[in-house]
Structures are given as C-alpha cells and as structure tokens.
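Here the structure comes first, spelled out in structure tokens, and everything after it is commentary.
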Amino acid sequence: MKQVILVAVVMCVLSPFAVGYCRENSPALEFIYGNGHAFTVRTPEGWVSDSPSARAFDLLSFFCPAHAVTKTETYLYAQAWDKADRSQTIQDFIESDLNDFKNQQHSLSFTRKKSAIKPPCTASWHYTFSGIDGGYREDIVYMETEHSFAVLVYSSNSKANYDRYMPVFDGFVRSFHFRDAQE
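Here it is in structure tokens:
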C-alpha cells in the first residue's frame with residue numbers, strides 16, 4: 008500500500024498531466040499581500056477563484072461556486088488594508104465600515120460575536136448583516152494585527168444558498184493564515 012501512495016505522489020509531482028489533475032482536484036492556495044500584511048486562504052472545494060471579478064470589484068480575491076450562473080448570487084472574498092497609523096483599532100475600522108453600510112442600506116441590522124481567529128490577530132469579530140437590498144445576508148469576519156486589518160466576507164442573496172454554503176464559509180475562515188509583512 009505504501010508503494011501505491013509513493014507512486015501516486017511521484018506521478019503528481021513529475022507528470023504534467025497529473026500535475027494539472029492534482030491542481031484541479033485540490034483547493035488552490037491564494038496568497039494576498041501588501042506592505043503591512045500577508046496571508047493565505049484556500050479556494051473552497053467546488054468553488055473558483057475569479058481574478059477578473061476581483062479586479063472589477065476592486066478586491067484582492069473573489070470566489071464563487073464553480074456552477075454559479077450569476078457570480079454575485081453567492082460569493083466569498085478576502086481583503087486587507089494596511090493601517091494608516093498604529094493607533095487605529097479594529098473598532099475604528101468596523102465603525103467606519105458600519106457607517107458606510109448604514110448610508111447605503113437603510114434597513115440594515117446586524118449581530119456580532121467574537122471570532123475564533125487565532126494569533127497573530129490581536130482582535131477578531133464575526134458580524135452577520137441582514138436587511139441588505141437585493142440580498143439575504145452577509146457575514147464578515149473582521150481581523151486586526153499590529154500593522155493591518157483584514158476581512159473575510161460571505162454574501163448570499165437567498166436563505167437557501169446562505170444555509171447551503173455557510174459550511175463553505177466556515178471552512179474558508181479556518182483556511183485563513185495571517186502573517187504580518189512587517190515580521
């Protein structure tokens with residue numbers, strides 16, 4: 008049995024066909040970086056990383072189900088910003104985001120809870136928004152490190168899709184690995 012596994016690994020490493028197969032059948036690691044941040048997330052299984060959409064929405068990354076007819080029906084993205092100065096806090100960042108949301112979405116409501124993101128994040132919060140025009144719910148995990156802020160976002164336009172893909176978002180959050188570029 009060990010020999011079969013060894014042969015399979017060698018084929019994946021050496022064979023161009025097998026390398027393509029292995030890439031298609033394992034979640035891709037997305038690397039996102041800036042002056043004060045560097046992190047990775049995994050493309051969820053059955054989802055695609057869509058660089059053209061990321062650029063169109065001015066995002067660093069954008070993911071949607073591989074079979075999606077409309078890319079904005081249900082999606083995930085990861086984004087990060089360097090702090091303007093070290094005195095900025097996650098609460099400042101979230102309040103600014105909430106004010107932007109409230110100006111655009113007049114019936115917006117939200118709940119918040121502590122997120123389970125581990126260090127080097129100094130703080131992290133999970134917000135669930137509802138009352139979004141043209142949508143059902145949006146979940147955002149906000150994170151802070153010494154030099155930056157990052158968000159992981161999940162948005163869906165229907166309860167059925169929201170419930171169906173919430174485990175995907177949970178896995179996406181667990182795949183997050185942060186490393187400050189300043190270290």
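So the number in my numbering is just where the residue sits in the sequence shown, counting from 1, plus 7. Positions of the beta carbon are idealized from the N, C-alpha and C atoms, including for glycine.
- Between the C-alpha atoms of residue 47 and residue 144 there is a straight-line separation of about 25 Å.
- DSSP places residue 174 in the helix class (H, G or I) of the three-state scheme.
- Secondary structure note for residue 45: its beta strand (DSSP E) is the uninterrupted segment 45-49.
- In the displayed model, residue 95 falls within coil according to three-state DSSP, outside both helix and strand.
- A contact between stretches requires three or more CB pairs, one per stretch, nearer than 8 Å, and the segment 148-165 meets this requirement with the segment 93-106.
- The beta carbon of residue 84 sits closer than 6 Å to the beta carbons of 66, 68, 69 and 160 from its chain, once the five residues preceding and following it are set aside; these are given in chain order.
- The closest CA to that of residue 132, considering only 55, 118 and 41, is found on 118.
- The residues 116 and 144, in chain order, have a CB closer than 6 Å to that of residue 137 in the same chain once the five nearest residues on each side in sequence are set aside.
- Between the C-alpha atoms of residue 51 and residue 94 there is a straight-line separation of about 35 Å.
- A buried status is given to residue 72, since no fewer than 16 other beta-carbon atoms sit within 10 Å of its beta-carbon.
- Residue 57 is a Cβ neighbour of residue 78, given a cutoff of 8 Å.
- For a cut-off of 8 Å, the C-beta gap from residue 110 to residue 141 is around 16 Å, too long to register as a contact.
- Distance between residue 97 and residue 156, taken at the CA atoms: about 7 Å.
- For residue 130, same chain residues with a beta-carbon under 6 Å away, outside a window of 5 residues either side, are 97 and 151 in chain order.
- According to the DSSP assignment, residue 61 belongs to the alpha helix (DSSP H) that extends over 58-63.
- Taking C-beta atoms under 8 Å as the contact rule, residue 87 and residue 39 qualify, at a distance of about 6 Å.
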